[in-house]
Amino acid sequence: RWADQSGIGPHVEITGEPVPLSPAIEVALFRVAQEALTNVAKHSGATRVGLTLSYLGDVVLLDVRDDGAGMRDGGGRGRGFGLNSMRQRIRGVGGAVTVESAPGEGTTISASVPMIPAEAR
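Heads up, the sequence shown is in the numbering used here, so the first residue is 51 and it goes up one at a time.
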């Protein structure tokens, strides 16, 4: 649906061995991806966007990168509601969010969380 609305077909990649994660971590990563894509569509002017979900042993890393306009402050001090919401959500599950950006060079948002598997039922 996002691709239809934005006109951008995202490239999605999964690396490592996927495992079901705790619901809190899955929701946090989903919401970060959702908010990052919303920001791409609203602000970036991007023509390409990629999402990579990497299972790296003891951590899971979500990267959302675009080729858009970038941010003047490099994204590190971004005070927008969306970026603050992402940071708070990921901190709530023991992770961290970083933003790398430069004017004219696109933006990458990375969320790193501990790999906490879903409990077996």
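Glycine included, each C-beta is placed from N, C-alpha and C at the ideal position.
Test item: CB-CB of residue i and residue j under 8 Å
i	j	result
alanine 83	leucine 106	no
valine 99	valine 90	yes
isoleucine 75	valine 163	yes
leucine 71	alanine 161	no
serine 104	glycine 66	yes
glycine 132	threonine 88	yes
Counterpart residues of residue i in DSSP-defined beta bridges
i	result
arginine 115	Gly100, Thr158
CB-CB length for residue i against residue j, believed under 8 Å
i	j	result
alanine 86	isoleucine 159	5 Å
isoleucine 58	threonine 97	7 Å
arginine 115	proline 153	That pair is no contact at about 16 Å.
valine 94	alanine 53	Checking the sequence, you will find serine at residue 94 rather than valine. Not quite, the Cβ-Cβ distance comes to about 15 Å (not below 8 Å), so this is no contact.
proline 73	alanine 146	At roughly 20 Å, the Cβ-Cβ gap does not stay under 8 Å, so proline 73 and alanine 146 are not in contact.
Boundaries (first-last residue) of the beta strand (DSSP E) holding residue i
i	result
isoleucine 64	61–65
Coil, strand or helix - residue i by DSSP
i	result
glutamate 150	strand
valine 143	coil
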